[in-house]
Amino acid sequence: MALLEVRDLSVHFGGLAAVQSVTFSVEQGERLAMIGPNGAGKTTLFNLLTGQLKPSGGHVLFNGKDITHLSVHGRTQLGIARSFQITSLFPNETVRVNALIALQGTRAGRFRMFGAFSKDRELRNAARDLLEKIDLWDKRDEIVSSLAYGEQRKLEMALSLASEPELLLLDEPSCGLTPTESADITARIKDLGSKITVLMIAHDMDLVFGVAERIILLHFGEITAEGAPDEIRANQTVKDIYMGSHRASTAGN
Amino acid sequence: MATQVKPGVFTGKLFARRAVATAPAERSARAFLPTILPVIVIGVLILLLPTFVPSYIQSLVTKMMIFALFGVSMNILWGFAGIPTFGHAAFFGFGGYCAGILIVHGGVGNFWINLVLAFLLTGLLAAGLGIPAFRVYGVGASDNPIYFLLVTLAFGELLSRVAISARSLTGGSTGLAGIPYPQGVLPGLHINSHSFYFLTFVIVVVCLFLIYRLVNSHYGYALRGIHDNERRMQALGYNTWLYKYTSYIVAGAFGGVAGVLFAYFGGVMVPGNMGMAMTDIVFLIVILGSASIYLGPIVGAIVVVGVEYLASLYVPDRWPLIMGAIIVFVIMVIPQGIGVLLLTGWRRLVRHGAS
Amino acid sequence: MSAGLLAGPTDGVLVSTPGGRVSTFIITTLNGISYAFILFLLAAGFSLTFGVMGVINLAHGALYVLGAYFGLAIVNSLGSFWAGVVVAAVGVGLVGLGIYFFFLRHLYGKVPEQAVLTIGLGYALANIILWVWGPFAKMGMTPELFVGVVRVGDLAFPIYRLFIVGVGIAVLIVLWWMQDKTRVGAIIRAGMDNKEMTRSLGINYGLVSTAVFLFGAALAGFAGILGAPVLGAFPSMGDALLLLTLMVVVVGGTGYIQGTVLGALIIGLVDTFGKAYIPQAALFTSYVIFIVVLLVRPSGLIGRKVF
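Printed below as a string of structure tokens:
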């Protein structure tokens, strides 16, 4: 049984089909990358998978369970986590509090109305582990909005790992990062281990080919190509649709 | 410390930082004193006050304490959860009416029973109103909460209309009068205006303490997270609707406690206590004092009640006009409130003193 | 007196007929429709600024009252109803201009601030009215042209109320046309979605906004003087009127003037029928509708789908 199964998923905005009959699956431990030109529907598909958006048709199954109409937080409780393309942190809190809040989300006791949150020993230790892993422990008392962009991106990804998910959806994890920072993120994703399955949207081809075992190409809301990295690299359709814009973006880097 | 007090009640985001006391791990004698000291000093001052001021000042301070609680309860929603509500007076007034009706019509003499019943009933009202109210509160609506504002405002007005028409119960537009001072507080203790002062002090301090614990608890931090970034909170596994809904109930219930004290204080409850005018007052208290600080509304209460008193002495019929002018002034000139200014001033003073 | 506001039209000329159930029904319907159009005139200005511009003006009720007082002052001194109408509309329009120019203009997009500020202004305004004109209610004077009743069979209905319905329909047509057909409507809609774009197209969005707000305020003043013979005028009316406005707007939906008139019709008719047929529950019928709509269709019946 695949970890994630997407069957005939569609969503329409007015007359426009943003995502059209998308069907694919992700196996346990797999590293799957989703590529495609801007506006192809990748983030929309992510929003459907995470529950932020409700589909007009189709099904999403997680570990065999139909989660098509499950709430966002419900899916996180089941083991799906997501990072955002536009960094989505708690800008007015410190790095440590960001980590604490993220960690608490899937733990018991998140409704406790007494007992100081910041004193919770278990949480504090977990936060320390999390932050040390991304080398932000020294900055734990800095307000997030004062961090450099690259550091925020690292924290962004770390927060989505806080729930110890089975399936991690990464939306453009290296968006806006310098080549060094991108390489760092790429390494971290590689180190995630086989217990986590990763589905990733990316434009950065180094990241894609460095991490992905399988690649899906999305174009105008439909899957136009699917296969192992080498196959995709050689695929003529892919070259026509996508590699043109890829060349332009690498020129920019 | 790298953290600073961030002003900006209305830069689109109502932001409340962690309460004035610093995080426990960093708590040392140096960090502890500056923040907890003024609170203790003020508390002691309040206790000693009656011995050297005339009774009308005592009465004024009683009113300030009641409105401080009222303001802090509303700030659970405004400042911490980021939920902008304009109907909070509804719970204040409802709590007061509950207490009044229980005594005058229900013959419930015991203060504590009255208080607890009013607390629960007001919470129940909030639970009921919260369901339709949150239907118009989108995700991340602290950025664009128009509908919620309007609906909660409407609810407050609506309730005051109900109070006007339920004449047999509430006394109609003339109000419910004849609420005596609390009875049965302690065996043998007879409450008068003097001892009511201390009773109010105890209740307000206990409630403020409970609210303080609440906003620093796991639940409280979740509320702050929702304020900052609701979408992310959902993605992290939090059932944000449940948090918002329950915070509405808790805030309402504590507002009701303030209302109970108010009913005993004045002896009278009028429908206007639930409507827009009262909401304006508590709102002014919250923003004038700073919604972004836990203690802010307390400062606001002192100022607003004080100014109202002065107005009643010199220009008694013009208080609404003065209040309107103050609201306009605060919004246009010091939207972050004076509490923030006081706090930064105090911190600077401490830093100077320490060095 | 304040309870009387939501108890429905108070213009003494209560229509009475010796008829049975059918006549009562017809009269109640006519009462309901005329009340609904007063509500529509009241809510239209608010709906315009809120639904179209996204600007919240909670002083709206107070502006209506101000219009009534301005108008009545002119009527009492000059004896001319029409002069009163003009002064009411223009006067309140200017007040609205002042509010926009000095305050709201600087709070673009900051909804809680707008709300709080306009509440404060409304509060201050009501107190000023109290100060200048005293606490006692003023009864509006029906202009001679419309005094009297019109008879249909054995039913009698005040002409003035019909006049209000006529005015209401005329205003509805004008606003509807403005919304759908004119450049102004299109500009405002475009500006709501993308302010920068309209600016770059050379359109002075600031000017358009000011004009719309002024118009909305003038409409409130206009409604005030027109409604005076029916609803009367007293300084603290503003709160109840604001509540009615909010109910109309929530039930009908925002963004489209059709929603406002629908909301007004529903609230007006439900309220009037409620009072006529179930006197004890009179107050609650419109509240119940309000809450039901909130639960079932939060965006309003004909609203831009927001929720």
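Protein chains in written order, with my numbering: chain R, 1 to 253; chain E, 1 to 355; chain H, 1 to 307.
Don't be surprised by glycine CBs; every beta carbon is placed ideally from N, CA and C.
- Distance between Leu-244/H and Met-141/H, taken at the CA atoms: about 23 Å.
- With a threshold of 7 Å between beta carbons, Ala-183/R makes no contact with chain E.
- Contact residues of the region 29 to 56 of chain H toward chain E are Ile-56 (C-beta to C-beta distance below 7 Å).
- Chain-ordered listing is empty here: chain H has no CB closer than 9 Å to the CB of Gly-175/E, the nearest sitting near 13 Å.
- Here His-60/H carries a helix assignment [DSSP, helix/strand/coil].
- For Leu-117/E, the enclosing alpha helix (DSSP H) stretches over residues 111 to 134.
- Every beta strand (DSSP E) of 3 residues or more that sits fully in the region 72 to 150 of chain R is shown, in chain order, as 80 to 83.
- A distance of 7 Å or more separates the beta carbons of Leu-199/R and Leu-3/R.
- Listed as beta-bridge partners of Gln-183/E by DSSP are Asn-110/E.
- Pro-158/H is bridged by DSSP to Val-149/H.
- Per the coordinates, the alpha-carbon of Ser-21/R lies some 15 Å from the alpha-carbon of Leu-53/R.
- Counting every other CB atom within 10 Å of its CB across the protein chains shown gives Glu-144/H a total below 16, marking it as exposed.
- Distances from the CA of Phe-146/H to each of Asn-57/H, Trp-82/H and Ala-43/H were compared; the closest alpha carbon is that of Trp-82/H.
- Assignment of Val-11/R by DSSP, reduced to helix, strand and coil, places it in the strand class.
- Take the alpha-carbon of Ser-55/E and the one of Arg-140/R: they are about 51 Å apart.
- Chain-order list of chain R residues neighbouring Ala-235/E: Thr-50, Val-72, Thr-76 and Arg-82, by C-beta distance under 7 Å.
- In the structure shown, the three-state DSSP call for Ala-166/E is coil.
- From the listed residues Asp-240/R, Ile-101/R and Trp-137/R, the smallest Cα separation to Asp-120/R is found for Ile-101/R.
- The region 209 to 220 of chain E makes no contact with the region 91 to 110 of chain E: fewer than 3 CB pairs, one atom from each, lie closer than 8 Å.
- Under the three-pair Cβ rule at 8 Å, the region 305 to 318 of chain E does not count as touching the region 339 to 347 of chain E.
- Contacts between Phe-234/H and chain E, judged by CB atoms closer than 7 Å, are missing: the closest CB pair is about 13 Å apart.
- With fewer than 16 other Cβ atoms from the protein chains shown falling within 10 Å of its own Cβ, Gly-115/R counts as exposed.
- About 5 Å separates the Cβ atoms of Thr-200/E and Met-65/E, confirming a contact at the 8 Å cut-off.
- Here Arg-135/E is buried: its Cβ has 16 or more other Cβ atoms, across all protein chains shown, within 10 Å.
- About 6 Å separates the CB atoms of Ile-201/R and Glu-172/R; that is less than 8 Å, so the two are in contact.
- DSSP places Ile-83/E outside both helix and strand once states are collapsed to three, so it counts as coil.
- Apart from sequence neighbours up to five positions away, the residues of its chain that approach Gly-57/R with a beta-carbon distance below 6 Å are Ser-10, ordered along the chain.
- When secondary structure is reduced to three states using DSSP, Ser-217/E falls in the strand class.
- Phe-46/R is a Cβ neighbour of Leu-169/R, given a cutoff of 7 Å.
- When only Cα atoms are considered, Pro-229/R and Met-157/R end up about 24 Å apart.
- The alpha carbon of Ser-182/R has as its nearest neighbour, out of Gly-193/R, Asp-204/R and Gly-51/R, the alpha carbon of Asp-204/R.
- Taking 8 Å as the upper bound on Cβ-Cβ separation, chain E lies near residues Gly-109, Arg-110, Phe-111, Arg-112, Met-113, Phe-114, Gly-115, Ala-116, Phe-117, Ser-118, Lys-119, Asp-120 and Arg-124 of the region 108 to 136 of chain R.
- Residue pairing for Leu-168/R: DSSP places it in a beta bridge opposite Ala-81/R and Val-198/R.
- Contacts with chain R at 7 Å (Cβ-Cβ) include Ser-217/E.
- The beta carbon of Val-85/H sits closer than 8 Å to those of Gly-71, Phe-222, Ile-225 and Leu-226, all from its chain and outside the five residues before and after it, given in chain order.
- Counting the other CB atoms within 10 Å of its CB gives Gly-79/H a total below 16, which places it among the exposed residues.
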